[in-house]
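There are 2 protein chains.
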Amino acid sequence: MERADAARNRRAILRATEELLASHDLAEVSMDRVAAAAGVGKGTVFHRFGNREGLMRALVESRVESLSTAISTGPPPLGPGAPPASRLAAFFDAVVELATRNVKVMAAFEQAATDRLNSPVYLAWHAHVSGLIASASPALDADLTAHLLLGSLHSDLMLRSLKTGETERLAAALRSLVSTLLR
Amino acid sequence: MERADAARNRRAILRATEELLASHDLAEVSMDRVAAAAGVGKGTVFHRFGNREGLMRALVESRVESLSTAISTGPPPLGPGAPPASRLAAFFDAVVELATRNVKVMAAFEQAATDRLNSPVYLAWHAHVSGLIASASPALDADLTAHLLLGSLHSDLMLRSLKTGETERLAAALRSLVSTLLR
DNA sequence: CCTTAACTGGACCATCGGTCAACTTACGGC
DNA sequence: GCCGTAAGTTGACCGATGGTCCAGTTAAGG
Numbered sequence: 000m001e002r003a004d005a006a007r008n009r010r011a012i013l014r015a016t017e018e019l020l021a022s023h024d025l026a027e028v029s030m031d032r033v034a035a036a037a038g039v040g041k042g043t044v045f046h047r048f049g050n051r052e053g054l055m056r057a058l059v060e061s062r063v064e065s066l067s068t069a070i071s072t073g074p075p076p077l078g079p080g081a082p083p084a085s086r087l088a089a090f091f092d093a094v095v096e097l098a099t100r101n102v103k104v105m106a107a108f109e110q111a112a113t114d115r116l117n118s119p120v121y122l123a124w125h126a127h128v129s130g131l132i133a134s135a136s137p138a139l140d141a142d143l144t145a146h147l148l149l150g151s152l153h154s155d156l157m158l159r160s161l162k163t164g165e166t167e168r169l170a171a172a173l174r175s176l177v178s179t180l181l182r
Numbered sequence: 000m001e002r003a004d005a006a007r008n009r010r011a012i013l014r015a016t017e018e019l020l021a022s023h024d025l026a027e028v029s030m031d032r033v034a035a036a037a038g039v040g041k042g043t044v045f046h047r048f049g050n051r052e053g054l055m056r057a058l059v060e061s062r063v064e065s066l067s068t069a070i071s072t073g074p075p076p077l078g079p080g081a082p083p084a085s086r087l088a089a090f091f092d093a094v095v096e097l098a099t100r101n102v103k104v105m106a107a108f109e110q111a112a113t114d115r116l117n118s119p120v121y122l123a124w125h126a127h128v129s130g131l132i133a134s135a136s137p138a139l140d141a142d143l144t145a146h147l148l149l150g151s152l153h154s155d156l157m158l159r160s161l162k163t164g165e166t167e168r169l170a171a172a173l174r175s176l177v178s179t180l181l182r
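Following this line, the structure appears as structure tokens:
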């Protein structure tokens with residue numbers, strides 16, 4: 000069991016990290032600064048999250064949670080029940096929206112991650128997309144095609160779209176790419 | 000004009016960097032080590048290339064040169080003359096092959112780059128792909144679709160494909176993605 | 001051969017991610 | 001309510017890194 004003060008500190012650290020990421024350049028958000036902003040010692044941050052990557056991963060996971068449950072147990076078309084093509088379209092719409100709203104967090108994780116492709120969140124997304132592709136369009140190499148499509152969500156492109164205020168255009172292009180592919 | 004000794008050192012540094020990248024983990028290739036391996040002082044490396052990103056960019060550019068000229072002045076289908084769809088297919092084949100052969104270099108650049116999307120190489124590739132898409136399939140959002148396709152070349156996926164010995168499978172998946180898109 | 005601008009080297013610096021051992025505290029069992 | 005202890009906290013400390021700087025060296029044109 001996690002002690003009450005420990006839980007409080009964990010929340011404070013996550014919140015502080017998020018605030019720092021929102022207001023500063025990624026390079027300026029050091030572990031020292033995070034600790035200071037959260038009002039805890041640096042050792043506490045490392046005790047809680049292991050290392051920078053662990054902190055960023057925890058942050059991503061906290062922001063992605065609701066989408067995960069919506070996919071596995073929510074209503075269609077995001078959740079189970081709808082035809083694969085619709086579910087795929089819904090998934091990418093949701094993920095673009097989510098990634099847009101949390102670009103800085105995503106970017107911080109990508110930069111800190113040693114192997115993005117094996118992170119829990121990526122694995123889950125990949126399994127989902129890959130499965131849907133396989134059942135919607137058995138002729139495709141579902142596994143790799145899923146990787147290719149997910150590659151579009153890299154933070155640098157999202158960051159640029161956000162800066163130019165054209166995230167809807169990005170979502171549209173991706174949507175059209177997915178639908179063309181399944182036809 | 001670059002002095003003769005300076006030119007010699009520049010080549011030595013590039014060669015040393017490449018060798019270190021090939022034989023060590025990316026994280027172990029520090030600027031100090033590069034300088035030592037090239038047999039020059041650290042200051043020389045920075046004088047020549049400005050910073051880590053500059054060094055890695057120069058390395059990428061040296062490895063990409065031949066493809067660039069093949070595209071702009073070489074024979075079809077890579078060079079001018081062939082129909083856009085063929086040129087696109089040829090480009091992606093060539094680029095996957097190139098990226099596969101130089102994964103470590105590409106990875107080193109991606110990790111060091113501040114804004115990949117504005118690097119000369121990426122800009123050139125994007126302009127090329129975007130132009131071809133626009134003329135092959137005017138209904139598409141050429142600019143963004145080009146970004147989406149180029150996103151597939153991220154080094155982490157190439158690295159994984161290389162490890163599992165399935166780079167041809169990756170090339171095939173990408174080829175099929177491109178051709179489906181233009182149809 | 002001489003002048004000078006270009007080049008070189010490596011000591012030096014701030015900062016970073018990460019460790020650790022001494023100290024403090026929450027909390028379940030009595 | 002108290003107390004033992006496992007869990008949590010802290011910040012000084014460490015090695016390494018990217019980058020700077022300037023005193024000394026050298027290539028090359030006139």
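Chains Y and S, in that order, give the protein sequences. Under numbering that gives the first Met the number 0, think of the first position of the first sequence as 0, with each following residue one higher. Under numbering that gives the first Met the number 0, think of the first position of the second sequence as 0, with each following residue one higher. Where is the CB? At the ideal position from N, CA and C, for every residue including glycine. Since this is a predicted model, take the numbers as computed values, not measurements.
- Following the DSSP letters along the chain, one finds S:P119 inside the alpha helix (DSSP H) bounded by residues 119 to 135.
- Scanning the region 54 to 114 of chain S from its first residue to its last, the whole alpha helix (DSSP H) runs of 4-plus residues come out as 83 to 100, 102 to 111.
- Secondary structure note for Y:T144: its alpha helix (DSSP H) is the uninterrupted segment 141 to 150.
- Only D140, L143, T144, H146, L147, G150, S151, H153, D155, L156, R159, R168, L169 from the region 140 to 169 of chain Y bring a Cβ to less than 7 Å from some Cβ of chain S.
- Interface with chain Y (8 Å Cβ-Cβ cutoff): S:A172 is included.
- Our two residues, Y:A26 and Y:G130, have alpha carbons roughly 37 Å apart in a direct line.
- In the assembly as shown, Y:T166 is a buried residue. Its beta-carbon has 16 or more other beta-carbons within 10 Å.
- For S:L180, the chain Y residues whose C-beta falls within less than 8 Å of its own C-beta are L176, T179, L180, listed in chain order.
- For Y:H46, the enclosing alpha helix (DSSP H) covers residues 41 to 48.
- Between the region 133 to 152 of chain Y and the region 170 to 180 of chain S there are three or more C-beta pairs closer than 8 Å, enough to call the two in contact.
- Within chain Y, the C-beta atoms nearer than 7 Å to that of S:R115 come from D155, in chain order.
- Distance from the CA atom of S:L66 to the CA atom of S:L77, rounded to whole angstroms, is 9 Å.
- For Y:D24, there is no enclosing alpha helix (DSSP H), as DSSP gives it neither H nor E.
- Taken atom to atom, the span from the alpha-carbon of Y:L20 to that of Y:R51 is near 13 Å.
- If you draw a straight line from the Cα of Y:A88 to the Cα of Y:N101, it is about 20 Å long.
- Taking C-alpha positions only, S:P74 is separated from S:T68 by approximately 10 Å.
- Exclusion of the five residues before and after S:A93 leaves L66, L77 as the residues of its chain whose Cβ lies within less than 7 Å of its Cβ.
- Judged by beta-carbon spacing, Y:L116 lies within the 8 Å limit of S:D155, meaning their Cβ atoms are closer than that value.
- Looking only at Y:E60, Y:L13, Y:M157, Y:S160, the smallest Cα-Cα distance to Y:V44 is reached by Y:L13.
- If you draw a straight line from the Cα of Y:G42 to the Cα of Y:A135, it is about 49 Å long.
- Approximately 17 Å separates the beta-carbon atoms of Y:A111 and Y:M157; this is outside 8 Å, ruling out the contact.
- Counting every other CB atom within 10 Å of its CB across the protein chains shown gives S:D140 a total of 16 or more, marking it as buried.
- Comparing C-alpha distances from Y:L97 to each of Y:A5, Y:W124, Y:R10, Y:A84 shows the shortest one belongs to Y:W124.
- With a contact defined as Cβ atoms closer than 8 Å, S:L169 and S:V95 qualify at about 7 Å.
- Here Y:M0 carries a coil assignment [DSSP, helix/strand/coil].
- Around the Cβ of Y:A15, a 10 Å sphere holds 16 or more other Cβ atoms; the residue is buried.
- Scanning its chain for C-beta atoms nearer than 7 Å, with the 5 sequence neighbours on each side dropped, one finds around S:G38 the residues A11, in chain order.
- Taking S:G53 as reference, the option from S:T72, S:E109, S:P83 with the minimal CA-CA separation is S:E109.
- Residue Y:A107 holds the alpha-carbon nearest to the alpha-carbon of Y:M30 among Y:A107, Y:P83, Y:A84, Y:A126.
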